[in-house]
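J.:
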Ligand SMILES: Cc1cc2nc3c(=O)[nH]c(=O)nc-3n(C[C@H](O)[C@H](O)[C@H](O)COP(=O)(O)OP(=O)(O)OC[C@H]3O[C@@H](n4cnc5c(N)ncnc54)[C@H](O)[C@@H]3O)c2cc1C
Ligand SMILES: Nc1ncnc2c1ncn2[C@@H]1O[C@H](COP(=O)(O)O)[C@@H](O)[C@H]1O
């Protein structure tokens, strides 16, 4: 079974982020990493491949420097990677990104496309559904368990009161949550092998996409202002463990929290 | 096509087809924004009109009825077709939905299908530069920044708002909503819920809880989470946890707070045996009040707690639960 995993390069979450003058995330100012949620989708793809055979291809839309992040996915075991990169793509929104990812997928052969639940920089979590729509495929989103058998994918997803089991025929699109597995770490051998694996690059022209339909000018939304939220607290530290229970209860009562 | 002035709300229902609180919140806000104009509500249920009176009390003047017995069995896909039909019928300037899993599944498909602008995780509306005159405030990057965003195109646009963002405004005896029956053309390849499992002990939902008690690896083993649950019970709180604990398999993933889990903003966050790693912090740092109990005086959590208590949780937790029970007059 051939699987495509969609992976995004995101700015290191723990780094201090900044805006550019036109209120975009200043990506040049922070190191890029594989979107932490996508480590789980890559792992899930590898585990499915181990069970069912086939190949795992990593698909990324991003700047050319995203190649570094992609190599990490290759180092843990993905077979090849496709990078869609074009200057016109900068600042693309959900719809534009979906168009590009869907167009790239149409050039590939797969039974399953796996997404992460969300990305740490945009927190959209809608791309899987959007791409499924453009491909005319069912989407099984926010899976915390995935089973593929007899031409069907079956997932579990949490609900307010437990979980649902949801099913769709292959080919289909799945997004997985970070609780679904434990991502493996790359071994030295994997890192060496990754250097030799195939990395295909597509431009917009290769995908037959009009540059005016993506990027900044195509955006359906616009950021007017951005302001830093002040989160500074002046911590009060209490060290008398014997009296702690009463002290906390008093504190909560004073703040009207109980 | 220029849109008219209507605001359309997509009702968020339980599996038993009852409106969730967020549905009334969205309606209340839509009514305020519409300033006397039409507020539509789309209801996907076996008998949508049965809710008409209640929805009208919160501001709905038009009810788009998508009658069907299986909506709750189908995942997002098919709901997209109903929302599309409602948009065609209403030609609204704004569609409001709840920012959750269902809303995201529908909005993702719909945005791609119709090429719509979409905003998500909004917590407030504002006036400002936007094609429909309405902008939204959205906390981003774990709540460290707030951006105000508007729309660029004159067409129906989607805004997904977080539950708990808007005040309820109810007026009794409101005129009943005008019913518009929708004929929904099914286009979406659907995914079906084949089984719905109820689990024990899933109490207050984390995102909606005003108090959250979270236990970390400091609890030592899964059985010890009884201490956290006891305290949560007295406080009427939801239980949260860290990834370290989830990775150990002690607690389910849907209780994980942080970068790869949930982002929450309760009134009170009580962190017990949690070190306060940055990846945990980004999921809870915007809580109104943070109280932390940790035996290590140098734990990072003490840098961003309002009250930090240094001590052994195995002593403090049971004593605190007893103390709170006593004050609340609950017999122990
Ligand atoms: C990509 C990535 C994503 C991540 N995402 C998340 C996420 O979403 N959420 C998350 O939480 N973490 C996340 N993490 C993990 C995070 O870095 C920390 O490892 C984790 O939060 C630590 O959990 P903890 O505080 O329970 O455990 P620990 O760091 O082990 O802390 C346990 C604490 O308990 C205290 N303690 C022990 N015994 C007692 C006692 N008897 N009384 C009082 N205190 C006691 C100790 O002093 C210690 O401070 C992520 C990490 C990575 C790399
Ligand atoms: N530029 C991109 N290239 C490839 N995959 C992406 C890209 N952006 C988002 N994704 C995928 O979509 C998921 C959700 O991302 P988002 O919609 O940004 O929250 C991620 O976990 C990835 O799997």
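Protein chains in written order, with the numbering used here: chain A, 3 to 260; chain B, 145 to 476. Ideal placement from N, C-alpha and C gives every residue a C-beta, glycine not left out. Just so we're clear, the structure is a prediction, and the values are computed from it rather than from any experiment.
(1) For residue 295 of chain B, which residues in chain A fall below 7 Å Cβ to Cβ?
(2) Quick one: using the 10 Å Cβ neighbour count with 16 as the cut-off for buried, is residue 358 of chain B buried or exposed?
(3) Identify whether residue 422 of chain B lies in helix, strand or coil by the three-state DSSP scheme.
(4) Given a limit of 7 Å on CB to CB distance, which residues of the region 238 to 262 of chain B reach chain A?
(5) Any heavy atom of ligand 1 closer than 7 Å to the beta-carbon of residue 440 of chain B?
(6) Using a Cβ-Cβ distance under 8 Å, would residue 333 of chain B count as near chain A?
(7) Excluding sequence positions up to five away, which residues of its chain have a Cβ less than 7 Å from the Cβ of residue 281 of chain B?
(8) For residue 13 of chain A, which three-state DSSP category applies?
(9) Who are residue 218 of chain B's beta bridge partners in DSSP?
(10) Would you say the region 54 to 67 of chain A touches the region 4 to 11 of chain A, given that touching needs at least three Cβ pairs under 8 Å?
(11) Let me see if you follow: with CB-CB separation under 8 Å, is residue 240 of chain A close to chain B or not?
(12) Out of B:164, B:256, B:157, B:400, state which residue places its alpha-carbon closest to the alpha-carbon of residue 424 of chain B.
(13) Just to make sure I have the definition right: I need the residues of chain A whose C-beta is within less than 8 Å of the C-beta of residue 446 of chain B. Which are they?
(14) Pull up the distance between the alpha-carbon of residue 456 of chain B and that of residue 242 of chain B, whole angstroms please.
(15) Find out if the Cβ-Cβ distance for the pair residue 200 of chain B, residue 320 of chain B is shorter than 8 Å.
(16) On the CB-based measure, 16 or more other CB atoms within 10 Å of its CB, does residue 220 of chain A come out buried or exposed?
(17) Answer yes if the region 209 to 223 of chain B comes into contact with the region 314 to 329 of chain B, meaning at least three C-beta pairs across the two stretches below 8 Å, and no otherwise.
(18) Just tell me which of A:152, A:111, A:159 has its CA closest to the CA of residue 337 of chain B.
(19) Quick one: what's residue 38 of chain A bridged to in DSSP?
(20) Less than 8 Å between the C-beta atoms of residue 410 of chain B and residue 354 of chain B, yes or no?
(21) Report the option in A:239, A:250, A:254, A:248 whose CA atom is closest to the CA atom of residue 441 of chain B.
(22) Chain A beta carbons: is any one of them nearer than 8 Å to that of residue 456 of chain B?
(23) Taking three-plus beta-carbon pairs below 8 Å as touching, is the region 294 to 308 of chain B in contact with the region 187 to 198 of chain B?
(24) Under the rule that 16 or more other beta-carbon atoms within 10 Å means buried, what is residue 40 of chain A, buried or exposed?
(25) So which residues on chain B does residue 228 of chain A lean against when the C-beta distance must stay under 9 Å?
(26) So, do the region 169 to 185 of chain A and the region 129 to 142 of chain A have three or more beta carbon pairs nearer to each other than 8 Å?
(27) For residue 253 of chain A, report the span of its alpha helix (DSSP H) as first-last.
(28) Of the choices B:189, B:168, B:187, whose alpha-carbon is the least far from that of residue 203 of chain B?
(29) Can you find at least 3 beta carbon pairs, one from the region 219 to 237 of chain B and one from the region 103 to 123 of chain A, that sit closer than 8 Å?
(30) So within the region 125 to 162 of chain A, which uninterrupted beta strand (DSSP E) runs reach at least 3 residues, ignoring any that extend past its ends?
(31) Which residue comes first and which comes last in the alpha helix (DSSP H) that contains residue 465 of chain B?
(32) Span of the alpha helix (DSSP H) holding residue 166 of chain B?
(33) By Cβ distance below 7 Å, which residues in the same chain neighbour residue 155 of chain B in space, the five residues on each side in sequence not counted?
(34) Please confirm whether any heavy atom of ligand 1 lies closer than 7 Å to the CB of residue 184 of chain A.
(35) Figure out for me which residue from B:333, B:454, B:276, B:404 has the closest Cα to the Cα of residue 1 of chain A.
(36) Are there three or more Cβ pairs, one per stretch, closer than 8 Å when the region 457 to 473 of chain B is compared with the region 426 to 436 of chain B?
T.: In brief:
(1) Position 151 of the second chain, counting from 1, holds the residue named residue 295 of chain B. Neighbours of residue 295 of chain B on chain A, chain order: 222, 223.
(2) Taking the second chain and counting its residues from 1, the one referred to as residue 358 of chain B is at position 214. Residue environment for residue 358 of chain B: buried (at least 16 other C-beta atoms within 10 angstroms of its C-beta).
(3) The residue given as residue 422 of chain B occupies position 278 in the second chain. Judged by DSSP in its simplified three-state form, residue 422 of chain B adopts helix.
(4) Listed in sequence order: 245, 248, 249, 251, 252, 253, 255, 256, 257, 259, 260, 261, 262.
(5) Looking up residue 440 of chain B in the second chain gives position 296. Because some heavy atom of ligand 1 lies under 7 Å away, the Cβ of residue 440 of chain B counts as near it: yes.
(6) The count along the second chain starts at 1 and reaches residue 333 of chain B at position 189. Interface residue, yes.
(7) Here residue 281 of chain B refers to the residue found at position 137 of the second chain. Cβ neighbours of residue 281 of chain B within its own chain (closer than 7 Å, five residues either side excluded): 266, 267, 268, 270, 290, 292.
(8) Residue 13 of chain A sits at position 11 when you count from the first residue of the first chain. Looking at residue 13 of chain A - three-state DSSP - the assignment turns out to be strand.
(9) As a first step, residue 218 of chain B is located in the second chain; it is residue number 74 there, counting from the start. According to the DSSP secondary-structure assignment, residue 218 of chain B is paired through a beta bridge with B:336.
(10) Yes, the region 54 to 67 of chain A touches the region 4 to 11 of chain A.
(11) Indexing the first chain from 1 puts residue 240 of chain A at position 238. A Cβ of chain B is located within less than 8 Å of the beta carbon of residue 240 of chain A.
(12) Working through the second chain from its first residue, we reach residue 424 of chain B at position 280. When each option's Cα is compared against that of residue 424 of chain B, the closest is B:400.
(13) Translated into the one-based positions of the second chain, residue 446 of chain B becomes position 302. For residue 446 of chain B, the C-beta contacts it makes with chain A under 8 Å involve 237, 239, in order along the chain.
(14) The residue given as residue 456 of chain B occupies position 312 in the second chain. The residue given as residue 242 of chain B occupies position 98 in the second chain. Across the structure, residue 456 of chain B and residue 242 of chain B are spaced so that their CA atoms are roughly 41 Å apart.
(15) As a first step, residue 200 of chain B must be located in the second chain, where it is residue number 56. As a first step, residue 320 of chain B must be located in the second chain, where it is residue number 176. Note that the C-beta distance between residue 200 of chain B and residue 320 of chain B is below 8 Å.
(16) Locating residue 220 of chain A in the first chain gives position 218, where the first residue counts as 1. By the 10 Å Cβ count, residue 220 of chain A comes out buried.
(17) Two segments are said to touch when three or more pairs of C-beta atoms, one from each, lie closer than 8 Å; by this definition the region 314 to 329 of chain B touches the region 209 to 223 of chain B.
(18) Here the question's residue 337 of chain B lines up with position 193 in the second chain. By alpha-carbon distance to residue 337 of chain B, the top candidate from A:152, A:111, A:159 is A:159.
(19) Translated into positions along the first chain, residue 38 of chain A becomes position 36. Looking at the DSSP output, residue 38 of chain A shares a beta bridge with no other residue.
(20) Walking along the second chain from the start, residue 410 of chain B turns up at place 266. Walking along the second chain from the start, residue 354 of chain B turns up at place 210. The answer is yes: Cβ separation under 8 Å.
(21) As a working note, residue 441 of chain B is residue 297 in the second chain. Closest by alpha carbon: A:239.
(22) For the purposes of this step, residue 456 of chain B is taken as residue 312 along the second chain, with counting starting at 1. Yes - at least one Cβ of chain A is within 8 Å of the one on residue 456 of chain B.
(23) Counting C-beta pairs with one atom in each stretch, the region 294 to 308 of chain B and the region 187 to 198 of chain B have fewer than three that are closer than 8 Å, which means they do not touch.
(24) Walking along the first chain from the start, residue 40 of chain A turns up at place 38. Taking all protein chains shown into account, residue 40 of chain A has 16 or more neighbouring C-beta atoms within 10 Å of its C-beta and is therefore buried.
(25) Your numbering for residue 228 of chain A matches position 226 in the first chain. Here the neighbours are 284, 289, 290, 291, 292.
(26) Touching, per the Cβ criterion.
(27) Translated into positions along the first chain, residue 253 of chain A becomes position 251. Element bounds for residue 253 of chain A: 246 to 256.
(28) Taking the second chain and counting its residues from 1, one reaches residue 203 of chain B at position 59. The candidate whose alpha carbon is nearest that of residue 203 of chain B is B:168.
(29) Under the 8 Å Cβ criterion, the region 219 to 237 of chain B does not count as touching the region 103 to 123 of chain A, having fewer than three qualifying pairs.
(30) Listed in chain order, the complete beta strand (DSSP E) runs (minimum 3 residues) inside the region 125 to 162 of chain A are 141 to 145, 147 to 151, 154 to 161.
(31) The count along the second chain starts at 1 and reaches residue 465 of chain B at position 321. Element bounds for residue 465 of chain B: 457 to 471.
(32) As a first step, residue 166 of chain B is located in the second chain; it is residue number 22 there, counting from the start. Per DSSP, residue 166 of chain B belongs to the alpha helix (DSSP H) from 165 to 178.
(33) Here residue 155 of chain B corresponds to residue number 11 of the second chain, with the count starting at 1. So the qualifying residues of the chain are 163, 167, 185, 186, 187.
(34) What you label residue 184 of chain A is simply residue 182 of the first chain in a count that begins at 1. No; taking the cut-off as 7 Å, the Cβ of residue 184 of chain A has no heavy atom of ligand 1 nearer than that.
(35) Nothing in the structure corresponds to residue 1 of chain A, since chain A is present only between 3 and 260.
(36) Verdict: no, contact absent.
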